[in-house]
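Quick notes on the structure that follows.
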Amino acid sequence: MRPVRARIGRSRTYLLSVLSKLLERLVARQLREYLLLTDLLPPLQSGFRQGHFTETALLRVLSDILQAVDRGDLAALVLLECQQRLIVDTADHSIMLERLQRTFGIGNTALHWFQSYPSSRKQYVRRSPNVLSVTYLVCGVPHGSVLGPILFVLYTVDLEVTDNYGLSAHMYADNTQVYGFCRPTVVSALTANITDCIEASTSWTRSNKF
2 MRPVRARIGR SRTYLLSVLS KLLERLVARQ LREYLLLTDL LPPLQSGFRQ
52 GHFTETALLR VLSDILQAVD RGDLAALVLL ECQQRLIVDT ADHSIMLERL
102 QRTFGIGNTA LHWFQSYPSS RKQYVRRSPN VLSVTYLVCG VPHGSVLGPI
152 LFVLYTVDLE VTDNYGLSAH MYADNTQVYG FCRPTVVSAL TANITDCIEA
202 STSWTRSNKF
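The sequence shown maps to residues 2 to 211 in my numbering.
Structure follows, in structure tokens:
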């Protein structure tokens, strides 16, 4: 009887996994359509979006830099990595829900669904035939989820802090290109702005718990 029960258990798990993926795809499709219709997607994020690729980010940044050099300015570029894996693991559920509600106007039934989506999930280590250390997740989103990439974009939308320092930025997934231009006589001011911007980005990551 044990082999039969094991097969039934695996079949049930597989079926639930398939249904879960289908539901996530439907939600992801509706969410993207809503964000496009309301023009709420961050304009300087080229990752996980239809019609936006690595080429989009490269052309934007390269074009800006070449135009600055043609004017006779100096250009400085800093590459930041936000570690998508860390955000997936450590995304704070309350911060995520607040951002969905306040920044993107998601409420009522849709917000309740997103509230239930990451809750009551468990992870464990299996060492055949035993399951060890079952733990309820208090942060993060499921690994390999369909919604993970778009939730990453929405979670990090407030990271655009460059405007406060006279700099430009373009993001592709978890990579951020921060760059600025100046006349050759004021390089020290540009350097100071870039340093302050990096410190502000670091503070943002800490306050958003990743």
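Ideal placement from N, C-alpha and C gives every residue a C-beta, glycine not left out.
- For residue 183, the uninterrupted beta strand (DSSP E) segment begins and ends at 176 to 183.
- Separation of residue 144 and residue 65 (C-alpha to C-alpha, rounded to the nearest whole angstrom) is 36 angstroms.
- Residue range 169 to 173 is occupied by the beta strand (DSSP E) that includes residue 173.
- In the structure shown, the three-state DSSP call for residue 56 is helix.
- Look at residue 118 here: in three-state DSSP terms it is coil, with no helix or strand label.
- Between residue 104 and residue 158, the C-beta gap is smaller than 8 angstroms, which places the two residues in contact.
- Straight across, the Cα-Cα distance linking residue 120 with residue 25 is about 15 angstroms.
- In the DSSP assignment, residue 79 is bridged to 179.
- Within the model, the alpha-carbon separation for residue 16 versus residue 167 is close to 52 angstroms.
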